[in-house]
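One structure is given below, encoded as structure tokens.
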RNA sequence: ACCCGGGUGGCGGAAUGGGUAGACGCAAGGGACUUAAAAUCCCUCGAUGGCAACAUCGUGCCGGUUCAAGUCCGGCCCCGGGUACCA
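Numbering (the working numbering), first residue to last: 214 to 1055.
Rendered as structure tokens:
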């Protein structure tokens, strides 16, 4: 027990013990409360980075804590193994992506094990294995059956570096999320999944996600982008079809003084055939589309088409313009312009001399200068709108919408910003989309019995173009039934498809189906932990997929993640750790130097999980110092305390202890427990650790290390056995601290638990509760204020009444100094806290 | 522009539903031990004035509510993140 703290010896031994007894392998147990704790699975890039370590430490602390609360805890881990980096690495190293990926998984798994995470490795999965993706292909067949997956030509975001299509979610500021290159627009035949079919439910159910951060919910709401409005048409001279527009402000209908259509709008195209100026503008819009992203604020440009439309209510002739800011992809590609009440329309109108016609009076008596800006309000009442004058916003919208509907000119409509999910990728290293094409290029499903469509792993991979196109053994196949020749699809799925259901599959390892009944035992996930960067992408797709699975009868719940914790970034020198910035710290070197417990402790101590964490080498050493002091205190506090414990327990601890220092220490032990219990629930591990450090400082003073000359600095002389009562109280503190620290630093806790003669393993110890009796002191210290300023402290009996407290406070020397010669107006007593004496000059 | 966060010592960060601002740790300074260094231990550590006791100021800025405001209310400023011609 006197050996120095040596994590290099302790940690592998404890990990081997856990592995040998299958400590973290779990089964479904009917009637026992379950807890499914999930961390976002890593991409096997080669080695863990600090972001992973932080994410997985948080998940592990939560899992181990929940286990000590008595729950049946599932904490799985796996690999998001398909994706582009494997292809890049393959080109660089001239090895197949599969080989590179599996080698990385192997190495990173070793790193995770070295960190001591309590994973059930028997459920491990890698998304690139046919065992996994065959069910994805099977499910795609179900989506095809239901018409929820379909193929269409579409203008797509084309990443010129990655040579592939990107989803809208993967385009950031007009650039590819991974390549950072400006995205081009191309028309390609693509596979889509009908997420828009679920837009309403995905939006509505956000309200159920009480355990999610508000920020993430807001981002998802904005992304889905629901709006309510009216769709209606304008009669256009010389056109049979009406020109449809969509508006969320039908109340401003009488203020329309122009109509704007997109450059790609058919009407603009038609006029362009005979009008060179319009033709030039349309061409400019098309070219600008590519460069659009590069221009921070593009100039608002437009040309008149030289044709007019009839206002649906007044019949007035209104000019139609082509304008570069109207998007063909949203609404109808045409908008009504109300320059008086829309800032963008106002700017365009001012630049092109279009009439600004106010139809809303400013609220109250306010005046508005339409030469300065548009009047944006929903608070005014209508003017210049005939029969609709004097109506407020809500009534005007209703009345005008009713009018349009009755006249058959339009109808109320709900629109979403959300687009269907494009899942085709022109990449090799992904899950093959399980379809084929017959001689007429018609889509034919691969029968379930022929799944999986296996991706060939031994490939010569030299360039960016998918080797699948050249592999005739993969490409050429035959039609089911007839045996006629057919060609396989060579596109693969977006890797977000795999990561949308991996946590379902964790529940059902080895199932000879996509999922089985076990899924509903574990799901929904009780706690999900991951990076904020997935607020929309992954978390929206996963919610969507869960609903698809539900509607296929595979799960029962509506939402997959009950609670979500988004951890903050790991920073170094104020900016995010990244290879490109060259400010990374390798977790491996830290583990080798200090041990896993120190790295985990620092991660949890430096800041709360949802905030950014600043890496600090010196503070890591400080965390290590704490573990060493704890270890040493435990070592010199060993010895048999069973007898004293039994005596104290029999008589009631609080009543039986007569040593005031022991009584005080015991109060501190239980104060720590009270704080730890409260803060564990809030994920405030930094303050839990601070409370343990405080307790350690107190215990260190209670049983100090002998000084060099052999004499103890306080209390009993060195070598002399400690008073049994004191020893028992100290032991209680050490045991409590070991429990509380166990989820954070599980290796040292495991070893000390044994050394402290506690039964079983600390991973299964019952979570300790604070003893109210221990917290109740004989006396309490109160703060005394005069006019809100701190002037002194008094000690009163815990049972003292307000009268006594007041008398004691007023009698205090320092207080009298501040109250003498003054009139006492009021005395406020806050029980257990303070006394405030309000005085006034006489 | 809009929507979320957030501004507290030299630094990371604490502070139950208004109730001792700066817990805990890091860094720094001083001291002990040591031939020396490392390690360890002890002390100091928001600002200003004072030998000191102590006093005054202090949680981005201005104002308000209250016996009492980092915390609540109103108005601004700054930083981080997200979304943006969305009709």
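Even for Gly, the Cβ is constructed at its ideal location relative to N, Cα and C.
In this text the structure is predicted, and so the values were computed from the model without any measurement.
- Distance between residue 405 and residue 636, taken at the CA atoms: about 6 Å.
- Comparing alpha-carbon positions, the option among 231, 753, 870 and 518 lying closest to residue 451 turns out to be 518.
- The three-state reading of DSSP puts residue 899 in helix, counting H, G and I together.
- DSSP places residue 854 outside both helix and strand once states are collapsed to three, so it counts as coil.
- Partner residues in the beta bridge of residue 364, as assigned by DSSP, are 404.
- Around the Cβ of residue 643, a 10 Å sphere holds 16 or more other Cβ atoms; the residue is buried.
- Membership of residue 816 in the alpha helix (DSSP H) is indicated by the continuous run 809-819.
- In the structure shown, residue 649 adopts extended strand secondary structure according to DSSP, grouped into three states.
- Within 10 angstroms of the beta-carbon of residue 788 lie fewer than 16 other beta-carbons, which makes it exposed.
- Straight-line measurement puts the Cα of residue 776 at about 8 Å from the Cα of residue 738.
- Within the DSSP secondary-structure output, residue 372 pairs in a beta bridge with 377.
- Per DSSP, reduced to three states, the secondary structure at residue 659 is coil, with no helix or strand assignment.
- Between the stretch 718-727 and the stretch 343-358, the count of C-beta pairs closer than 8 Å reaches three or more; the two stretches touch.
- Short of 7 Å from the beta carbon of residue 343, and not among the five residues preceding or following it, lie these beta carbons of its own chain, in chain order: 665 and 667.
- The three-state reading of DSSP puts residue 628 in strand, counting E and B together.
- For residue 1008, the uninterrupted beta strand (DSSP E) run begins and ends at 1002-1010, by DSSP.
- Our two residues, residue 423 and residue 773, have alpha carbons roughly 13 Å apart in a direct line.
- For residue 956, the number of other beta carbons within 10 angstroms of its own is at least 16, and it is reported as buried.
- Spanning the alpha carbons of residue 1021 and residue 1042 requires a straight line of approximately 12 Å.
- Annotated three-state conformation of residue 549 is strand, per DSSP.
- With fewer than 16 other Cβ atoms inside 10 Å of its own Cβ, residue 627 counts as exposed.
- Judged by pairs of C-beta atoms under 8 Å, the stretch 780-794 does not touch the stretch 802-812, as fewer than three such pairs exist.
- Its Cα nearest to that of residue 824, the residue 778 stands out among 835, 778 and 850.
- Going by DSSP, residue 569 is part of no alpha helix (DSSP H) at all; its letter is neither H nor E.
- With respect to the 8 Å criterion, residue 409 and residue 629 are classified as neighbours on the basis of their beta carbons.
- The criterion of a C-beta distance shorter than 8 Å is not satisfied by residue 817 and residue 396.
- The beta carbon of residue 1009 sits closer than 7 Å to those of 992, 993, 995, 1017, 1018 and 1021, all from its chain and outside the five residues before and after it, given in chain order.
- Contact annotation: residue 534 and residue 473 have beta-carbon atoms nearer than 8 Å.
- Per DSSP, reduced to three states, the secondary structure at residue 718 is helical.
- Straight across, the Cα-Cα distance linking residue 803 with residue 374 is about 36 Å.
- Taking the C-beta atoms as reference points, residue 857 is found no nearer than 8 Å to residue 959.
- Exclusion of the five residues before and after residue 684 leaves 669 and 672 as the residues of its chain whose Cβ lies within less than 8 Å of its Cβ.
- Straight through space, the alpha carbons of residue 943 and residue 878 are spaced by roughly 8 Å.
- In this structure, DSSP gives residue 341 a state outside helix and strand, which the three-state scheme calls coil.
- Taking one beta carbon from each stretch, the stretch 354-370 and the stretch 284-302 have fewer than 3 pairs nearer than 8 Å; the two do not touch.
- Residue 544 carries a coil assignment under DSSP once its states are collapsed to helix, strand and coil.
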